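Take the position in the sequence shown, starting the count at 1, then add 4; the result is the number in the numbering used here.
By construction, the Cβ of each residue, glycine as well, lies at the ideal position given by its N, Cα and C atoms.
Quantities reported herein were computed from a predicted structural model and do not represent experimental measurements.
Shown next, in structure tokens, is the structure this report addresses.
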Amino acid sequence: MINAHMGDSVVVGIDGSAAAVHAAHWAVDEAAARDVPLRLVSCTPLTDKSKSPGTDRLATEYAATSLRAALAAIEDDNTNVKMETALLDGDPSSVLIEESRHAAMVCVGSVGIGRVARAFLGSTAAEVAEGAFCPVAVIRGHAPHQPNKCGSIVVQVDDSADNDRALTTAVAEAQTHAMPIIAVGECPPTTGISAGDELMRRTATLQTLHPDVEITAVPITTGIPQFVESHPAPIQLVVLGAANAGALSTLIGAHDRHDHHEFSVVVVHP
5 MINAHMGDSV VVGIDGSAAA VHAAHWAVDE AAARDVPLRL VSCTPLTDKS KSPGTDRLAT
65 EYAATSLRAA LAAIEDDNTN VKMETALLDG DPSSVLIEES RHAAMVCVGS VGIGRVARAF
125 LGSTAAEVAE GAFCPVAVIR GHAPHQPNKC GSIVVQVDDS ADNDRALTTA VAEAQTHAMP
185 IIAVGECPPT TGISAGDELM RRTATLQTLH PDVEITAVPI TTGIPQFVES HPAPIQLVVL
245 GAANAGALST LIGAHDRHDH HEFSVVVVHP
């Protein structure tokens, strides 16, 4: 069972898109690993008196239909996971951030978005990832029931206050999805061998604590976005600490091709 972050449920934002359904499929395993319910949440805007009553009614009907469709799509994924739905008033970002106060994880869907990363993500994924109180997973998935490609989990080893939480989350995800970890650390040439030695030491300690997970240390001279862009092998997930949440738009937006760079991102909060 995952112990990286405790919470009442794994929450998925549902907006009627295929990307949200992909996120829901992915989140089933997360809920199962934590032995908590999977909570599908859809939002309707607060009543706007300047609009006709029919507008709000249509929005509510659309949100409710989206929830039913998402639930139907994932019901056969894992019968041992309790599933629940919630139709809540408010904009998606505010609602999901509030949900994150009591959640083990919040999951939202995304697609490759190129140069307009923040504009496309902004109202939901980026705002939630930066403002949530629990880990946030931005999922770029495949068609329902299509097997995931092989790949690794990338996590940065650094001196940020939330790095231990990021490493713990990366290990939990590796155990849940049966993937190896690539632990990267920025080791500029000006630091000599000290930075590289520290990366190897911390990675070896992590490996000793979790012998069931394959962990490889990789020193880099650039940041994670540049590393994943040039890495020749498939990457399935990148785990970021909250201090590095600003890299989300760069990571998602930089890879709008349908190739081995189609990875998801988890932003971890203390």
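Answer with buried or exposed for residue i, where buried requires no fewer than 16 other C-beta atoms within 10 angstroms of its C-beta.
i           : result
residue 171 : buried
residue 81  : buried
residue 266 : buried
residue 230 : exposed
residue 67  : buried
residue 70  : buried
residue 205 : exposed
residue 178 : buried
residue 61  : exposed
residue 19  : buried
residue 223 : buried
residue 57  : Only weak support exists for where residue 57 lies, its pLDDT of 46 falling under 50; the coordinates are left without a value.
residue 144 : buried
residue 234 : exposed
residue 221 : buried
Just to confirm, is the Cβ distance from residue i to residue j under 7 angstroms?
i           : j           : result
residue 185 : residue 199 : no
residue 97  : residue 131 : yes
residue 33  : residue 180 : yes
residue 160 : residue 142 : no
residue 2   : residue 138 : Outside the displayed span of the chain (5 to 274) sits residue 2, for which this structure offers no information.
residue 76  : residue 101 : no
residue 114 : residue 23  : yes
residue 269 : residue 232 : no
residue 111 : residue 31  : yes
residue 219 : residue 210 : yes
Skipping 5 residues on each side, what residues in its chain have a beta carbon closer than 6 angstroms to that of residue i?
i           : result
residue 35  : 14, 42 and 85
residue 133 : 140, 249, 252 and 271
residue 28  : 16, 74 and 78
residue 1   : Residue numbering for the chain in the displayed model covers 5 to 274; residue 1 lies beyond these limits and cannot be assessed.
residue 12  : 106
residue 157 : 174, 177, 178, 183, 185 and 241
residue 147 : Low local confidence applies: a pLDDT of 46 at residue 147 is under 50, so the model's placement there is unreliable, with the coordinate-based value given in what follows. Nothing meets the Cβ criterion.
residue 99  : 47 and 92
Residues bridged to residue i by DSSP?
i           : result
residue 244 : 271
residue 42  : 14 and 87
residue 158 : 186 and 242
residue 140 : 110 and 271
residue 93  : 48
Starting from residue i and walking both ways along the beta strand (DSSP E), at which residues does that stretch end?
i           : result
residue 223 : 219-224
residue 113 : 109-113
Starting from the C-beta of residue i, find all residues in its chain whose C-beta is less than 8 angstroms away, skip the five residues before and the five after it, and write them out in chain order.
i           : result
residue 274 : 165, 166, 169 and 246
residue 226 : 190
residue 216 : 179
residue 192 : 199 and 225
Please list, in chain order, all residues of the same chain as residue i whose beta carbon is under 7 angstroms from its beta carbon, the five residues on each side excluded.
i           : result
residue 154 : 238
residue 64  : 48
residue 125 : For residue 125, the pLDDT reaches just 45, beneath the cut-off of 50, and the residue's location in the model is therefore unreliable, although a value from the coordinates is still provided. Excluding sequence neighbours, residue 125 sits near 114, 117, 253 and 256.
residue 208 : none
residue 83  : none
residue 21  : 113
Alpha helix (DSSP H) containing residue i: first to last residue?
i           : result
residue 135 : 129-135
residue 21  : Residue 21 -> no alpha helix (DSSP H), and no H or E assigned at all.
residue 198 : 198-213
residue 170 : 167-181
residue 233 : 228-234
Comparing the C-beta of residue i with each C-beta of chain B, is any distance below 7 angstroms?
i           : result
residue 221 : Absent from the structure: chain B. Only one protein chain is present.
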